[in-house]
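Engineer: In this text, residue positions in the sequence shown follow the working numbering: the first is 4, and each later residue adds one. Beta carbons are placed, not taken as given, at the ideal position from N, Cα and C, and that holds for glycine. Nothing here was measured: the structure is a model prediction, and the numbers come from that model.
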Amino acid sequence: MLKRAFLWIGILALAGCSSVSTEYDYDEKVAFDGFTKWAWVEATPDSGSAKYQMDGLNDRRIRDALTSQLTNAGLSQVPASDAQVLVNYLTQVEKKIDVDTFYTSFGYYPYYHSRHGYWGTGVQADTRVREYKEGTLIVDIIDANTKQLLWRGSGTDTLKKNLTPEKRTEQVQKVVAAIFEGYPPGKEK
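1. Beta carbon of T25, beta carbon of E184: below 8 Å?
2. Just checking: is the beta-carbon of F105 within a distance shorter than 8 Å of some beta-carbon in chain D?
3. Expressed to the nearest angstrom, what Euclidean distance is found between the alpha-carbon atoms of T161 and A42?
4. List the DSSP bridge partners of G158.
5. Nearest CA to the CA of G37: which residue from L153, V179, P168, V178?
6. Is it buried or exposed, A181, if we count other Cβ atoms within 10 angstroms and call 16 or more buried?
7. Measuring only the C-alpha atoms, how far is I65 from V179?
8. F38 by DSSP, collapsed to three states: which one?
9. Given 8 Å as the limit, is there contact between the stretch 28 to 36 and the stretch 66 to 75, that is, 3 or more CB pairs closer than that?
10. Quick one: residues in its chain with C-beta nearer than 8 Å to the C-beta of V81, no 5 flanking neighbours on either side, listed in chain order?
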């Protein structure tokens, strides 16, 4: 449960970097423009998702942003029994390490070996190691009848600490909007 809490806390603190890295995959045989009704995947007692929600604030932010994007894509939210597609999302956080080496000076400096003088190249390098977290939000669209995955989009960004609730909401909206640039597949940009 603690791990799940960290995932929730982390994913919505996605950093304000200039862009979100996105990926998409989908069933190319499906006519996505025919879908008009959607619902959330319902938790079942044996799925493990019926447990206490550790971070309802971030869950609400993600669901609100997804609802808005689905509405913009022309889909209406309906009860699960009437839906053509079901929507689910997952979050994931990974620790990353970034190693940068900066060369701070170049030039020729004399050095001596034995009795002979030599000229050599002098370079000073400064290496910095930075540990950070990267968060990914994965959105699945599933056929309501067959329960087959039809479309998956994901957005990844660097996590930033100490965001205000307003900034967290903005960041979630930014990530979800970036993911939905790929839905429906084949739309003109």
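Structural biologist: Looking at the atomic coordinates:
1. Yes, Cβ-Cβ distance for T25 and E184 is below 8 Å.
2. Among the chains of the structure shown, chain D does not appear; only one protein chain is present.
3. 30 Å
4. T25, L140
5. L153
6. It is buried - the Cβ of A181 has at least 16 other Cβ atoms within 10 Å.
7. 8 Å
8. coil
9. no
10. K40, W41, A42
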